[in-house]
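Novice: All you need for my numbering is the position in the sequence shown, starting with 1, plus 24.
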Amino acid sequence: MNNPNARSHEEPLDSLIIYKKRTDISNLDPEERDYLESYERGEWISDLTPERVKELQAYARVTLEEREKERESKKEIIDP
25 MNNPNARSHE EPLDSLIIYK KRTDISNLDP EERDYLESYE RGEWISDLTP ERVKELQAYA
85 RVTLEEREKE RESKKEIIDP
C-alpha cells in the first residue's frame, strides 16, 4: 500500500515544512521518527507486526490524551 499523500523520493522537501513537522514530532524516540520519516517518504514499512502496530496506537492514544490535558490546563490558566 502506498500513501497517496506521501511525497515521491524525487520531490524536493521544503526546509520550512520539515522544520514545522519536526517541532510536532520532537517527542518521538529514534525508532518512531524513523517510521514516520519513512512513511512521509512514501515507503511502506513492512516489518511492522500487528503487536507493534497496537503498541504504537496505544502510545499515540496516550500521547494525544496527555496533550489534550495540557491544552485544557493551559486554557484554565489563561481563562480562569
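Glycine is no exception: its CB is placed at the ideal position from the N, C-alpha and C atoms.
Give me the Cα-Cα distance between Arg-65 and Asp-58, rounded to the nearest whole angstrom.
Specialist: Arg-65 and Asp-58: Cα-Cα distance of roughly 11 Å.
Novice: Helix, strand or coil for Thr-87 per DSSP?
Specialist: Residue state, collapsed to three classes: helix.
Novice: So, are the CB atoms of Leu-60 and Leu-72 less than 9 Å apart?
Specialist: No, the pair does not count as a contact, with Cβ atoms beyond the cut-off.
Novice: Go ahead and pull the three-state DSSP assignment for Met-25.
Specialist: Residue confidence is low: Met-25 scores 47 on pLDDT, short of 50, so the model does not pin down where it sits. No coordinate-derived value is stated.
Novice: Once DSSP output is grouped into helix, strand and coil, what is the label at Leu-60?
Specialist: If DSSP states are grouped into helix, strand and coil, Leu-60 belongs with the helices.
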